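Q: In my numbering, the protein residues as written are 244 to 470.
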Amino acid sequence: MSDDAMIEALPREPRGKGGARALRREGRTPAIVYGGEGEPLSVSLDYNVLERELGRRGFFARLYDLKVNGDVIRVLPRDVQVHPVTDAPIHVDFIRYVAGATLAVSVGVRFDGQEECEGLKRGGVLNIVRHEVELLCPLEAIPEFLVANVAGCEIGDSIHISHIDLPEGVTPTITDRDFTVATIAAPTIIVEPVEEEEGEEGEELEDGEEAPEGDDEAAPASDGEES
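#1: Would you mind sorting residue 287 into buried or exposed? The rule is 16 or more other CB atoms within 10 Å of its CB.
#2: Given this structure, state the Cα-to-Cα distance separating residue 252 from residue 309, to the nearest angstrom.
#3: Leaving aside the five residues before and after residue 340 along the sequence, list all residues of the same chain whose C-beta is less than 7 Å from its C-beta, in chain order.
#4: Would residue 401 and residue 431 be called neighbours here (beta carbons separated by less than 8 Å)?
#5: Tell me whether the stretch 347-354 and the stretch 269-276 touch, counting them as touching only if at least three CB pairs, one residue from each stretch, are closer than 8 Å.
#6: Ignoring anything shorter than 3 residues, give me the beta strand (DSSP E) runs that lie fully in the stretch 392-436, in order along the chain.
#7: Looking only at its chain, what residues have a beta carbon closer than 6 Å to the beta carbon of residue 371, apart from the 5 residues adjacent to it on each side?
#8: Look up residue 255 in the DSSP assignment and say whether it is helix, strand or coil.
#9: Label residue 250 either buried or exposed according to how many other C-beta atoms from any shown protein chain fall within 10 Å of its C-beta, with 16 as the threshold for buried.
#10: What are the boundary residues of the beta strand (DSSP E) that includes residue 317?
#11: Give every residue of the same chain whose Cβ lies closer than 8 Å to the Cβ of residue 333, excluding the five residues on either side of it in the sequence, and list them in chain order.
#12: By Cβ distance, which residues of its chain are closer than 8 Å to residue 373, with the 5 residues on each side in sequence left out?
#13: Closest by CA to residue 406, which one among 259, 354, 329, 302?
#14: Which ranges would you report for the alpha helix (DSSP H) in the stretch 349-386 if only whole runs of at least 4 residues count?
#15: Would you call the stretch 283-301 and the stretch 357-371 touching, i.e. three or more CB-CB distances under 8 Å?
#16: Exposed or buried, what is residue 399 when buried is set at 16 or more other beta-carbons lying within 10 Å of its beta-carbon?
#17: By Cβ distance below 7 Å, which residues in the same chain neighbour residue 397 in space, the five residues on each side in sequence not counted?
#18: Which residues does DSSP pair with residue 307 in a beta bridge?
Right, dumping it as structure tokens:
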């Protein structure tokens, strides 16, 4: 679990799309807190603060303390809606922290040991099958990222979920197979077309160049030449 962080939030009255647009013009992003024993709570966040937190690794694996009118609510980011054109965050969903609760969370995979991977040294390619893995985690034990070590792997080797160490109490949501996370694939060889070399059969002779001996066509005899 990555470090907790504090975010200042302001309460807001749900006022539909018009109210949300007005908040964004003021440099704030609408958000909602739900789950647990409390009622859903509508708040707004400073846009620049939200952008900073989104830029940090493990945003969806980090518990936050939302400070709202002096009260502190511990939450976990659950979803971020973005603008379809600019990708700017336009709404955030938080879920209240409940001790002992578990949640399905997608956690990114980091691939270490690439410098020591024999298959990559020989021209192989790291083929990432899953950039993220969905895990069932206690809220207190959500990993910031998973680490897959490819050191020593050869071309044709596969990295399965069983090769990755998971924190205690954390399990994949897929339990019926040892699924593949990445492979070391063989390099793709592209064959370039071979250009015809000069002097190949069928090329015309240059001016002044003599025909080779044994040419099938003989030169015609001149008029008046003795037989």
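Quick reminder that beta carbons are idealized off the backbone N, C-alpha and C, glycines included.
Everything numeric in this text was worked out from a predicted model, so none of it was measured.
A: Looking at the coordinates:
#1: Indexing the sequence shown from 1 puts residue 287 at position 44. Classification of residue 287: buried, given that the 10 Å Cβ count is 16 or more.
#2: Within the sequence shown, the letter at position 9 stands for residue 252. Within the sequence shown, the letter at position 66 stands for residue 309. Using only the alpha carbons, I get a separation of about 6 Å.
#3: Walking along the sequence shown from the start, residue 340 turns up at place 97. Here the set comprises 306, 317, 318, 319, 382.
#4: Start at 1 with the first residue of the sequence shown, and residue 401 comes out as number 158. Start at 1 with the first residue of the sequence shown, and residue 431 comes out as number 188. No, these two residues do not count as a Cβ contact at 8 Å.
#5: no
#6: 401-403, 423-428
#7: On the sequence shown, position 128 is the one that residue 371 refers to. Excluding residues within five positions, the ones whose Cβ falls inside 6 Å are 425.
#8: For the purposes of this step, residue 255 is taken as the residue at position 12 of the sequence shown. Residue state, collapsed to three classes: coil.
#9: Your numbering for residue 250 matches position 7 in the sequence shown. Classification for residue 250: buried.
#10: As a first step, residue 317 must be located in the sequence shown, where it is residue number 74. From DSSP, the beta strand (DSSP E) with residue 317 extends over 314-325.
#11: As a position in the sequence shown, residue 333 is number 90, starting the count at 1. Correct list, in chain order: 263, 267, 272, 273, 324, 325, 326.
#12: Within the sequence shown, the letter at position 130 stands for residue 373. Hits under 8 Å: 352, 422, 423, 424, 425.
#13: Counting from 1 along the sequence shown, the entry for residue 406 is found at position 163. Taking only the C-alpha atoms, the option nearest residue 406 is 354.
#14: 361-364
#15: no
#16: Within the sequence shown, the letter at position 156 stands for residue 399. So residue 399 ends up on the exposed side.
#17: Your numbering for residue 397 matches position 154 in the sequence shown. So the qualifying residues of the chain are 361, 362, 427.
#18: Reading the sequence shown from its first residue, position 64 is the one you call residue 307. According to DSSP, residue 307 bridges with 248, 318.
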